[in-house]
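Protein chains in written order, with our numbering: chain A, 1 to 295; chain B, 296 to 590.
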């Protein structure tokens, strides 16, 4: 424990991760727990954290939390910082919950247009600052709600959320397209065909019907239809962001999913794409925010 | 019964309607049954029709069927006719199931691009020909799978299917957006806001996240969110077809839904929109196809 300088907490909607973080941001040890912020009342956070990592919290170490612990109705509501937002902006806005003065929570970041809230992020902002992001890059965090985050001059300048993962699950479960549909990840060609369809043929609510038509035409088997559908939805993201395809892209998230996004990005003309480790990025981002707080 | 010239059958996926049709296409009487084509094996169609309207079928009257009875695996699979397709094309392609030589089934219509099947319709083609459609019009059949059908010179020249109704249900049931969501039809302003958002801010998989952001920002109440979501999805249809907003539009379907589409179309700059009776259009379409067959 003697090398530990910071206890980092990534409190997502459906999962909790606590990390012992060394000088510079390296992860020395970590623990996970299924008690995500989505299911916790404000007065439960402290005791859950004690249960999961109480033995790490006894030494007066600073604790820095990113993610949904700062959402409305959770540990302590943290207002969203407006874009553009950098490490120093996040650091200057951290705050502690009433029941845990040794804990600091990182605020989320928001896009405002003409003063109106347009989009929000909680957690991915910390990951972005843990990456070594080139200027004018795009950081893509695929998943339930995919985030496409643009950066410039070391700050987040804007972002867009796509409900891709959640839509995929809802379409598979709740529509005629899901009948006989398997899991994605078995047919790269069907995935690419879906991406290309979405790129050339918006909008996606019409392109979705092509899952059925391709099946009727004998060009798509039930076993491959999940890949095609996944390609359509991810392709719709790429199509919407294709104006940025000269920028470098960093993907953070589950590796299999990141590989699918990398394939879709290549079809959309993005040529500089790399995959980063999400957990390492979170730890390093927390470390950098902590350093800026301490300054 | 003496005025009856044709027994018309509209066999949808989830509903059956049998009509006694007079010279010219007027409906003299009709009966409905929940045994839609979606749940029937090929050898059940004849007996269901006998049960529902056997007393109407005893007099050697011709029987003409539109809709899903002609789909693969149903009464008799009828190939799709390619666009452009008119009444004479449909009439020349009707055919009888093996077990009912007195019955004729109307084929569906398909869009092909470079020889590849792109979109399909079964049932709405018959409705289109029952309308008195101006040239260069758009016939819109909202619903589970919304159809936007373009016409010219008395023929169907092309169409596009949007999975709007099915997506609305799947999103409400299967995503975070559906939590606390009520039914649509209570807040016209929220509906209009959704349409306008979709018109100015594609793609819809990103615009969908605005249901959540508008709620977070206090601009959308749970009670109004179903209308906003409905507006987003219908607005995505209008946005995709806005290049046709100089054309006259005829809406056919449930009246409350058609009114919502009419409001969305107005926001998209469509200025010549009327709502037609779907059942009457089907009967008249069947009559016109029957007349062309008899010629």
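Positions of the beta carbon are idealized from the N, C-alpha and C atoms, including for glycine.
A contact is defined here as three or more CB-CB pairs under 8 Å, and the segment 312-327 of chain B fails this definition with respect to the segment 366-376 of chain B. Per DSSP, the continuous beta strand (DSSP E) segment holding residue 16 (chain A) begins and ends at 16-22. Annotated three-state conformation of residue 506 (chain B) is helix, per DSSP. When DSSP states are grouped into helix, strand and coil, residue 31 (chain A) belongs to the strand group.
With fewer than 16 other CB atoms across the displayed protein chains lying within 10 angstroms of its CB, residue 112 (chain A) is exposed. Collapsing the DSSP output to three states places residue 118 (chain A) in a strand.
Cβ-Cβ separation between residue 335 (chain B) and residue 347 (chain B): approximately 12 Å, too far for a contact (criterion under 8 Å). The alpha-carbon separation between residue 522 (chain B) and residue 497 (chain B) amounts to approximately 18 Å. The beta carbon of residue 161 (chain A) sits closer than 6 Å to those of 119, 145 and 147, all from its chain and outside the five residues before and after it, given in chain order. Interface residue (Cβ-Cβ distance to chain B less than 7 Å): residue 205 (chain A) is classified as such.
Interface flag for residue 163 (chain A) against chain B is set, since a Cβ pair is found closer than 7 Å. If you check each beta-carbon in the segment 205-221 of chain A against every beta-carbon of chain B, the ones closer than 7 Å belong to 205, 206, 208, 209, 213, 216 and 217. If you ignore the 5 residues before and after residue 166 (chain A), its C-beta comes within less than 8 Å of the C-beta of 144 and 145, all in its own chain and listed in chain order. Under the three-state reduction of DSSP, residue 197 (chain A) is assigned to helix.
Proximity of the segment 150-157 of chain A to the segment 82-102 of chain A meets the contact definition, three or more beta-carbon pairs being nearer than 8 Å. Per DSSP, residue 579 (chain B) has no beta bridge partner at all. With contact defined as three or more Cβ pairs closer than 8 Å, the segment 126-145 of chain A and the segment 250-264 of chain A are in contact. Under the 10 Å beta carbon count, residue 585 (chain B) is surrounded by 16 or more other beta carbons and is classified as buried. For residue 100 (chain A), the CB contacts under 6 Å within the same chain, skipping 5 residues up- and downstream, are 46 in chain order. For residue 236 (chain A), the nearest beta carbon of chain B is closer than 7 Å to its own beta carbon.
Under the 7 Å criterion on CB atoms, residue 173 (chain A) is classed as interfacial with respect to chain B. Residue 493 (chain B) sits away from residue 518 (chain B), with the two beta carbons spaced by 7 Å or more.
With a threshold of 7 Å between beta carbons, residue 455 (chain B) makes contact with chain A. Neighbourhood of residue 413 (chain B) in chain A, by CB distance below 7 Å: 213, in chain order.
For the segment 465-497 of chain B, the set of positions with a beta-carbon nearer than 7 Å to some beta-carbon of chain A reads 465, 466, 468, 469, 470, 471 and 497 in chain order. Chain-ordered, the chain B residues with CB closer than 8 Å to the CB of residue 233 (chain A) read 500. Assignment of residue 85 (chain A) by DSSP, reduced to helix, strand and coil, places it in the strand class. Per DSSP, residue 305 (chain B) is one residue of the beta strand (DSSP E) stretching across 299-306. Interface flag for residue 41 (chain A) against chain B is unset, since no Cβ pair is found closer than 7 Å. Under the DSSP definition of a beta bridge, residue 454 (chain B) partners with B:444. In terms of beta-carbon proximity, residue 576 (chain B) stays away from the interface with chain A, with every pair separated by 7 Å or more. Residues of chain B whose Cβ lies closer than 7 Å to the Cβ of residue 166 (chain A) are, in chain order, 470 and 471. With contacts defined as CB atoms closer than 7 Å, residue 578 (chain B) and residue 398 (chain B) fail to qualify as a contacting pair. Taking a Cβ-Cβ cut-off of 9 Å, the neighbours of residue 239 (chain A) in chain B comprise 498, given in sequence order. Counting only the Cα atoms, residue 124 (chain A) lies some 15 Å from residue 79 (chain A).
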